[in-house]
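Student: Let me give you the structure first, and then I'll get to my questions.
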Amino acid sequence: MDNAQPKNASATPVPPHFENTTLTPVPQAESLASMINVGWLTLDESGCVIDCDATASSLLYGPQAHHRSGVLLKTLVPHDSSTSEAPATFPPVPFTYAGVATHTAINLLVNVAYLPGAHAQGPLVASVTFINDYLANSHARARVQLRSTVESIVAGFAHEVRNPLAAILSLTEAAIQEVGGTPHSALVPIPGLVQRVESLIKQSLAYSRPRPPMRLLHPATFLVERATSLLRHRDTPATLHAPGADSTAPPAMVDLLHAEQILVHLIENALDAARTWVRITIGPGRTHAPSLCIEVSDDGPGVTSETAGRIFQPFFTTRAQGTGLGLAIARDLARMNGGDLRLKSASPGATFQVLLPSTLVPVRGRW
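What follows is the structure in structure tokens.
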């Protein structure tokens with residue numbers, strides 16, 4: 008069956024019944040059509056199917072089946088009584104309801120309205136959408152909006168706070184000099200507290216406005232050595248085991264500073280949690296495209312099941328001095344470089360796995 012395209016919505020397929028009709032998608036379906044593929048049907052005034060496009064046919068009958076005209080829509084997609092009370096008769100148009108397709112058992116969101124410009128007794132147009140797709144895309148849009156909101160809030164906060172912080176630091180340092188830098192002075196902790204606030208601001212800005220990656224090919228051992236060298240003088244009882252320089256692990260096509268930030272944060276977290284050791288291993292990733300896999304493990308208490316489900320959420324932390332942004336930033340940076348960051352094992356101990364592409368083909372998503 009050939010699909011005609013509506014003049015005002017070229018990306019949305021419409022049944023051939025509308026070929027000579029100027030059509031704008033009904034308001035309730037327009038937001039869906041802009042996010043995902045929507046199946047379209049035409050109905051008569053009693054709610055029987057006249058025609059449908061390939062997407063609707065696949066959702067209602069299966070990918071290899073063909074639709075049958077004259078069947079009631081409510082027979083093809085019975086109302087899901089768990090979501091709301093089913094109407095006794097064909098409800099007033101327009102209306103929307105959730106149901107399960109009789110032939111495919113797919114959860115669908117159904118929207119029915121009059122063809123724009125038609126009179127109240129004219130032909131009806133219906134859209135059918137896979138509910139899981141709709142919810143997933145709605146959640147994705149909400150996350151993008153939240154990220155944009157956080158960026159605006161953080162940028163405004165940083166602008167307003169940094170100048171007073173600089174003044175506080177300057178006045179405190181002058182006051183400490185006047186009292187001779189007495190170690191027991193109540194002023195002494197203030198510069199450190201100011202630096203902590205500045206660090207929180209920087210991390211928040213890094214999360215809300217990450218720098219676009221500049222990807223180059225780097226040896227795996229070089230990336231690990233660069234990160235561990237920054238932590239060489241860190242005071243910790245745990246022993247850090249890193250791979251040798253003769254490793255045959257593949258390289259990574261990654262932004263050097265992004266890789267450093269990812270690894271430093273994971274290693275720092277592991278050193279904080281470890282009882283006696285932290286181990287870094289490198290090797291090829293088990294992905295559809297060539298990739299480098301870096302794993303950071305520790306012998307600490309591990310991660311609870313409740314924490315594991317929230318560990319990458321921004322501002323979620325289990326530490327009194329934590330910001331809750333480190334892992335969120337690290338995963339974002341890995342994904343910006345075509346890779347990913349995962350919690351591979353939560354107990355005993357914890358193992359985080361970083362996947363980074365070795366070629367121009369991303370491991371996750373698209374460039």
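For the sequence shown, position 30 (counting from the first letter as 1) is numbered 37 according to our numbering, and the numbering increases by one without interruption. Each residue gets a CB set at the ideal place from its N, CA and C atoms; glycine is no exception.
What residue range does the beta strand (DSSP E) around Q360 cover?
Tutor: As a first step, residue 360 is located in the sequence shown; it is residue number 353 there, counting from the start. A357 to P364 is the span of the beta strand (DSSP E), which, as asked, contains Q360.
Student: Restricting to Cα atoms, I'd like to know which of V370, N114 and A234 is closest to H295.
Tutor: Position 288 of the sequence shown, counted from the start, is the residue given in the question as residue 295. Minimum Cα distance to H295 is reached at V370.
Student: Which residue from V186, S211 and E180 puts its Cα closest to that of L200?
Tutor: In the sequence shown, the residue the question calls residue 200 occupies position 193. Looking at the Cα atoms, E180 is the closest of the given residues.
Student: Any beta carbon from chain B within less than 8 Å of L278's own beta carbon?
Tutor: Considering every chain present, this structure includes no chain B. It has just one protein chain.
Student: Shortest alpha-carbon distance to T314 belongs to which of S354, G345 and W284?
Tutor: Numbered from its first residue, the sequence shown carries residue 314 at position 307. It is S354 whose Cα lies nearest to the Cα of T314.
Student: Can you give me the C-alpha to C-alpha distance between V78 and I57, rounded to a whole angstrom?
Tutor: Taking the sequence shown and counting its residues from 1, the one referred to as residue 78 is at position 71. Taking the sequence shown and counting its residues from 1, the one referred to as residue 57 is at position 50. Rounded to the nearest angstrom, the two C-alpha atoms are 8 Å apart.
Student: With a threshold of 7 Å on Cβ separation, who are the neighbours of V100 within its own chain once the five nearest residues in sequence on each side are excluded?
Tutor: As a working mapping, residue 100 is identified with position 93 in the sequence shown. Within the same chain, V100 has close Cβ partners V119, A120, Y121 and L131.
Student: What's the gap between the Cα of L224 and the Cα of G316?
Tutor: Position 217 of the sequence shown, counting from 1, holds the residue named residue 224. Position 309 of the sequence shown, counting from 1, holds the residue named residue 316. Cα to Cα, the separation comes out at about 33 Å.
Student: What do you get for M221, buried or exposed, if any count of 16 or more other CB atoms within 10 angstroms of its CB means buried?
Tutor: Walking along the sequence shown from the start, residue 221 turns up at place 214. By the neighbour-count rule (16 or more Cβ atoms within 10 Å), M221 is not buried but exposed.
Student: Nearest CA to the CA of V117: which residue from T111, H110 and S134?
Tutor: Along the sequence shown, read from residue 1 onward, the residue named residue 117 stands at position 110. The option with the nearest alpha carbon to V117 is S134.
Student: How many angstroms separate the CA atom of G307 from the CA atom of G333?
Tutor: Sequence index remark: in the sequence shown, residue 307 carries index 300 (1-based). Sequence index remark: in the sequence shown, residue 333 carries index 326 (1-based). Taking the straight line from one Cα to the other gives about 19 Å.
Student: Which whole-angstrom value describes the C-beta separation of D339 and P217, a residue pair presumed to lie in contact below a C-beta threshold of 8 Å?
Tutor: As a first step, residue 339 is located in the sequence shown; it is residue number 332 there, counting from the start. As a first step, residue 217 is located in the sequence shown; it is residue number 210 there, counting from the start. That belief holds up - the Cβ atoms of D339 and P217 are roughly 6 Å apart, short of 8 Å.
Student: Tell me whether G307 sits in a helix, a strand or coil according to DSSP, three-state version.
Tutor: Position 300 of the sequence shown, counting from 1, holds the residue named residue 307. Coil, per DSSP.
Student: Note down, in chain order, each residue of its chain lying with its Cβ closer than 6 Å to the Cβ of E273, except the 5 sequence neighbours on either side.
Tutor: In the sequence shown, the residue the question calls residue 273 occupies position 266. It is Leu, not Glu, that sits at residue 273 in the sequence shown. Correct list, in chain order: V303 and F359.
Student: Do you know how far the Cα of R293 is from the Cα of L350?
Tutor: Mapped onto the sequence shown, residue 350 falls at position 343. Mapped onto the sequence shown, residue 293 falls at position 286. Approximately 15 Å, taken between the alpha carbons.
Student: Whole angstroms are fine: how far does the CA of T325 sit from the CA of A245?
Tutor: Within the sequence shown, residue 245 is the residue found at index 238, counting from 1. Within the sequence shown, residue 325 is the residue found at index 318, counting from 1. The straight-line gap from Cα to Cα measures roughly 20 Å.
Student: Using only CA atoms, which one of T228, A256, I208 and I336 lies nearest to F164?
Tutor: Along the sequence shown, read from residue 1 onward, the residue named residue 164 stands at position 157. Of the candidates T228, A256, I208 and I336, the one whose C-alpha sits nearest the C-alpha of F164 is I208.
Student: Excluding sequence positions up to five away, which residues of its chain have a Cβ less than 8 Å from the Cβ of I175?
Tutor: Residue mapping note: residue 175 aligns to position 168 of the sequence shown, counting from 1. Cβ neighbours of I175 beyond the five flanking positions: I197 and V201.
Student: Please check the pair S365 and L299, which I expect to be a contact at CB under 8 Å, by giving their CB distance rounded to whole angstroms.
Tutor: Counting from one through the sequence shown, the residue named residue 365 turns up at place 358. Counting from one through the sequence shown, the residue named residue 299 turns up at place 292. With a Cβ gap of about 6 Å, S365 and L299 count as contacting.
Student: Determine the contact status of L270 and L230, defining contact as a CB-CB distance below 8 Å.
Tutor: Taking the sequence shown and counting its residues from 1, one reaches residue 270 at position 263. Taking the sequence shown and counting its residues from 1, one reaches residue 230 at position 223. In contact: L270 and L230 (Cβ atoms closer than 8 Å).
Student: Just to confirm, is the Cβ distance from L66 to A108 under 8 Å?
Tutor: Against the sequence shown, residue 66 aligns to sequence position 59. Against the sequence shown, residue 108 aligns to sequence position 101. Going by C-beta atoms, L66 is nearer than 8 Å to A108.
Student: Please classify Q268: is it buried, with 16 or more other beta-carbons within 10 angstroms of its beta-carbon, or exposed?
Tutor: Numbered from its first residue, the sequence shown carries residue 268 at position 261. Looking at its Cβ environment, which holds 16 or more other Cβ atoms inside 10 Å, Q268 is buried.
Student: Consult DSSP for T136 and reduce its assignment to one of helix, strand or coil.
Tutor: On the sequence shown, residue 136 is found 129 positions in, with the first residue counted as 1. If DSSP states are grouped into helix, strand and coil, T136 belongs with the strands.
Student: Using three-state DSSP, classify P291 as helix, strand or coil.
Tutor: The residue given as residue 291 occupies position 284 in the sequence shown. Residue state, collapsed to three classes: strand.
Student: Could you spell out the range, first to last residue, of the alpha helix (DSSP H) harbouring H265?
Tutor: For this step, residue 265 is matched to residue 258 along the sequence shown. First-last of the alpha helix (DSSP H) with H265: L263 to A280.
Student: Going by alpha carbons, who is nearest to T283 out of E275, N276, D262 and L247?
Tutor: In the sequence shown, residue 283 corresponds to position 276, counting from 1. Answer by Cα proximity: L247.
Student: On the criterion of 16 or more Cβ atoms from any shown chain inside 10 Å, does S177 qualify as buried, or is it exposed?
Tutor: Working through the sequence shown from its first residue, we reach residue 177 at position 170. Its Cβ having fewer than 16 others within 10 Å, S177 is exposed.
Student: Using only the alpha-carbon positions, how far apart do Q320 and S211 sit?
Tutor: Taking the first residue of the sequence shown as position 1, residue 320 is located at position 313. Taking the first residue of the sequence shown as position 1, residue 211 is located at position 204. Using only the alpha carbons, I get a separation of about 13 Å.
Student: Shortest alpha-carbon distance to L7 belongs to which of E232, V368 and T243?
Tutor: In the structure as shown, the chain starts at 8 and stops at 374, and residue 7 therefore has no counterpart that could be examined.
Student: Quick one: measure Cβ to Cβ for D60 and G46, integer angstroms, because I've assumed they're closer than 8 Å.
Tutor: As a working mapping, residue 60 is identified with position 53 in the sequence shown. As a working mapping, residue 46 is identified with position 39 in the sequence shown. Contact flag correct, Cβ pair sits at about 6 Å.
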